[in-house]
Amino acid sequence: MDDGKEGGNVKIVVQEWERVLLYRDGRFEEVLEAGRHRRSRRRRSVVRVLIRPRLLVVPSQEVLTADGLSVKVSLTAAVRTSDPRRWHEAVEHSDGFVYAALQIGLREAVGARTLDELLAARGSLPDDVLASVGVAAEAVGVVVDSLAVRDVMVPAELRRAAADVAVARAQGQAALERARSEVAATRALANAARMVAEQPALLQLRTLQAVEAGGATVVLTTVPG
Numbered sequence: 302m303d304d305g306k307e308g309g310n311v312k313i314v315v316q317e318w319e320r321v322l323l324y325r326d327g328r329f330e331e332v333l334e335a336g337r338h339r340r341s342r343r344r345r346s347v348v349r350v351l352i353r354p355r356l357l358v359v360p361s362q363e364v365l366t367a368d369g370l371s372v373k374v375s376l377t378a379a380v381r382t383s384d385p386r387r388w389h390e391a392v393e394h395s396d397g398f399v400y401a402a403l404q405i406g407l408r409e410a411v412g413a414r415t416l417d418e419l420l421a422a423r424g425s426l427p428d429d430v431l432a433s434v435g436v437a438a439e440a441v442g443v444v445v446d447s448l449a450v451r452d453v454m455v456p457a458e459l460r461r462a463a464a465d466v467a468v469a470r471a472q473g474q475a476a477l478e479r480a481r482s483e484v485a486a487t488r489a490l491a492n493a494a495r496m497v498a499e500q501p502a503l504l505q506l507r508t509l510q511a512v513e514a515g516g517a518t519v520v521l522t523t524v525p526g
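All you need for my numbering is the position in the sequence shown, starting with 1, plus 301.
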């Protein structure tokens, strides 16, 4: 709604989603909250500042990880104006200032991790970015309510290399399991042979058990004396 003028006063209606800064001769005087206000219009000017939450989107940024690999990362930030006067006076474009801080914070957070660390702990990346951006945003009257990583894009050649490593790891694990099984079988046979050598009667007992079960054919031979 436009400001209405009656006599020497100015009627100012402030919406819920905004605040109005009142200046007199170029000097800050007060912040007008939501509602209807009447002020003298003599040598006064007003600035309307939106305080509703808004979304800043940082598109894909190509960043080098700590181990020198290139990835593309993007994020979104939900922000709002917490101090209308500071938002208007601190810098020319406060949201642009916060946007640049988000870009720098994202690069620093990614650059401090290796690719494996980045992919394994992707959920902690927004916290690190927020820690570096929070102070800069507050300096221009902005609060960053939340951050979310949208995408972490790895080049195709790195994805193929990772797939090859995973296949090699799986094949190596399978070979290791086969070797363990063979060792266990060999150890069992060696133990059985040692027991028979130490106690020959065990072989005769096992033979009788097989005959009783009907699951084996026993051939008896006579050794000439």
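Glycine included, C-beta positions come from ideal geometry on N, C-alpha and C.
{"Asked": "Paired residues, beta bridge with residue 447 - DSSP", "Found": "379"}
{"Asked": "Cβ contact (3+ pairs, closer than 8 Å) linking the stretch 435-443 and the stretch 409-420", "Found": "no"}
{"Asked": "Beta strand (DSSP E) segment containing residue 427, residue limits", "Found": "Element bounds for residue 427: not the beta strand (DSSP E) but the alpha helix (DSSP H), 426-440."}
{"Asked": "Residue burial classification, residue 378 (beta-carbon count within 10 angstroms, cutoff 16)", "Found": "buried"}
{"Asked": "Spatial distance of residue 432 from residue 341 (CA atoms)", "Found": "44 Å"}
{"Asked": "Exposure label - residue 491; buried when at least 16 CB within 10 Å", "Found": "exposed"}
{"Asked": "Classification of residue 313 by the beta-carbon crowding that lies within 10 angstroms, buried from 16 upward", "Found": "buried"}
{"Asked": "Distance CB(residue 371)-CB(residue 452) smaller than 9 Å", "Found": "no"}
{"Asked": "Residues near residue 337 by beta carbon distance below 6 Å, same chain, minus five either side", "Found": "314"}
{"Asked": "Contact check, residue 332 vs residue 386, beta carbons under 9 Å", "Found": "yes"}
{"Asked": "Backbone CA spacing between residue 364 and residue 423 [nearest angstrom]", "Found": "15 Å"}
{"Asked": "Residue closest to residue 310, alpha-carbon to alpha-carbon, out of 330, 478, 327, 339", "Found": "339"}
{"Asked": "Inter-residue spacing [alpha-carbon to alpha-carbon] between residue 447 and residue 426", "Found": "12 Å"}
{"Asked": "DSSP three-state assignment for residue 406, whether helix, strand or coil", "Found": "helix"}
{"Asked": "Assumed close pair residue 366, residue 419 - CB separation to whole angstroms, cut-off 8 Å", "Found": "6 Å"}
{"Asked": "Cα-Cα separation between residue 320 and residue 355, rounded to whole angstroms", "Found": "16 Å"}
{"Asked": "Continuous beta strand (DSSP E) stretch holding residue 338: start and end", "Found": "336-341"}
{"Asked": "Cβ neighbours of residue 391 in the same chain (closer than 7 Å, five flanking residues each side left out)", "Found": "440, 441, 442"}
{"Asked": "One or two residues paired with residue 363 in a DSSP bridge", "Found": "373"}
{"Asked": "For residue 350 and residue 381, the rounded distance between their alpha carbons", "Found": "11 Å"}
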